[in-house]
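A.B. asks: Numbering (this note's numbering), first residue to last: 34 to 243. Can you keep this structure in mind? I'll have questions shortly.
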């Protein structure tokens, strides 16, 4: 069992993933489901955020309670499909900064190529959540995280909806310090590098360009 990998078996997540897979699901429904699943996953992925005790005044009295201990968060989607997961994170942590990494995949070699990288300042002091709905070959995730580290990023987590074993292996071997969270681990990749059974091209389904 890969200790870096967390697979969510919550009934709500699994139910929504099943709807997400269906060819009958519209782009509007697909976008909403991606956001909802991300929010449910993010809730658990942030379980280890540090807390500090503070004093607040309720309508009745003063009391000691806990709040996040000054954690700075950045969410960095891998363009373009990763954009669909951003609001799921921001719904829980509205103060998070958003960066963007643009990578495209060569259809013949399946290798990723960078075309854009813009990250928040002081990335080294932030918990960075990298988002991409699909972890297929792992090439894009590996390269995106490498770019973030080159800019000073230290604490990084990767979140996807569907992963292939090949992608998980590639990512965890290249970045053994990065925790990987996914809603479902699928069977394999086909000869074109698509996850099977998967859900098709996430970017096309999110933005209605299929």
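Ideal placement from N, C-alpha and C gives every residue a C-beta, glycine not left out.
Is residue 165 a contact residue of the ligand ZN, with contact defined as CB to any heavy atom under 7 Å?
C.D. replies: Although the ligand ZN was asked about, the structure shown includes no ligands whatsoever.
A.B. asks: Taking residue 193 as the reference, which of 137, 169, 224 and 62 has the closest Cα?
C.D. replies: Here residue 193 is taken as the residue at index 160 of the chain shown, counted from 1. The shortest C-alpha separation from residue 193 is found at 169.
A.B. asks: Within 10 Å of its beta-carbon, does residue 214 have 16 or more other beta-carbons around it, so buried, or fewer, so exposed?
C.D. replies: Your numbering for residue 214 matches position 181 in the chain shown. It is buried - the Cβ of residue 214 has at least 16 other Cβ atoms within 10 Å.
A.B. asks: For residue 206, is the classification buried or exposed, using 16 other Cβ atoms within 10 angstroms of its Cβ as the cut-off for buried?
C.D. replies: Indexing the chain shown from 1 puts residue 206 at position 173. Result: exposed.
A.B. asks: Please return the same chain residues whose Cβ sits closer than 8 Å to the Cβ of residue 83, not counting the five positions on each side in sequence.
C.D. replies: As a position in the chain shown, residue 83 is number 50, starting the count at 1. These residues qualify, in order along the chain: 101, 102 and 104.
A.B. asks: Excluding sequence positions up to five away, which residues of its chain have a Cβ less than 6 Å from the Cβ of residue 149?
C.D. replies: Numbered from 1 along the chain shown, position 116 holds the residue referred to as residue 149. 135, listed in sequence order.
A.B. asks: Given this structure, state the Cα-to-Cα distance separating residue 202 from residue 93, to the nearest angstrom.
C.D. replies: In the chain shown, counting from the first residue as 1, residue 202 sits at position 169. In the chain shown, counting from the first residue as 1, residue 93 sits at position 60. In a straight line, the C-alpha of residue 202 is about 54 Å away from that of residue 93.
A.B. asks: Give me the Cβ distance between residue 125 and residue 74, rounded to the nearest whole Å; I'm assuming they're in contact under 8 Å.
C.D. replies: One-based indexing of the chain shown puts residue 125 at position 92. One-based indexing of the chain shown puts residue 74 at position 41. Between residue 74 and residue 125 the Cβ distance is about 10 Å, and since that is not below 8 Å, they are no contact.
A.B. asks: What residue range is occupied by the uninterrupted alpha helix (DSSP H) comprising residue 80?
C.D. replies: As a position in the chain shown, residue 80 is number 47, starting the count at 1. Segment: none, residue 80 is in no alpha helix (DSSP H) and carries neither H nor E.
A.B. asks: Can you tell me whether DSSP reads residue 144 as helix, strand or coil?
C.D. replies: What you label residue 144 is simply residue 111 of the chain shown in a count that begins at 1. It is coil, neither helix nor strand.
A.B. asks: Note down, in chain order, each residue of its chain lying with its Cβ closer than 8 Å to the Cβ of residue 69, except the 5 sequence neighbours on either side.
C.D. replies: As a working mapping, residue 69 is identified with position 36 in the chain shown. The residues are 49 and 121.
A.B. asks: May I ask you to verify whether the region 234 to 242 touches the region 54 to 64, counting CB pairs closer than 8 Å and requiring at least 3?
C.D. replies: Cβ pair count under 8 Å is three or more, so yes.
A.B. asks: Going by Cα to Cα distance, which pick from 212, 161 and 144 is closest to residue 36?
C.D. replies: Reading the chain shown from its first residue, position 3 is the one you call residue 36. Per the Cα distances, 212.
A.B. asks: Roughly how many whole angstroms lie between the Cα atoms of residue 181 and residue 118?
C.D. replies: Here residue 181 corresponds to residue number 148 of the chain shown, with the count starting at 1. Here residue 118 corresponds to residue number 85 of the chain shown, with the count starting at 1. Taking the straight line from one Cα to the other gives about 18 Å.
A.B. asks: Where do the N-terminal and C-terminal ends of the alpha helix (DSSP H) with residue 287 fall, by residue?
C.D. replies: Shown here, the chain extends from 34 to 243; a query on residue 287 therefore has no answer.
A.B. asks: If you reduce the DSSP assignment to three classes, tell me which class residue 182 lands in.
C.D. replies: What you label residue 182 is simply residue 149 of the chain shown in a count that begins at 1. Looking at residue 182 - three-state DSSP - the assignment turns out to be helix.
A.B. asks: Going by DSSP, what residue range makes up the beta strand (DSSP E) through residue 156?
C.D. replies: Here residue 156 is taken as the residue at index 123 of the chain shown, counted from 1. Taken as a continuous stretch (DSSP letters only), residue 156 belongs to no beta strand (DSSP E), as it is neither H nor E.
A.B. asks: Which one or two residues does DSSP pair with residue 268 in a beta bridge?
C.D. replies: This structure cannot speak to residue 268, because the chain is shown only from 34 to 243.
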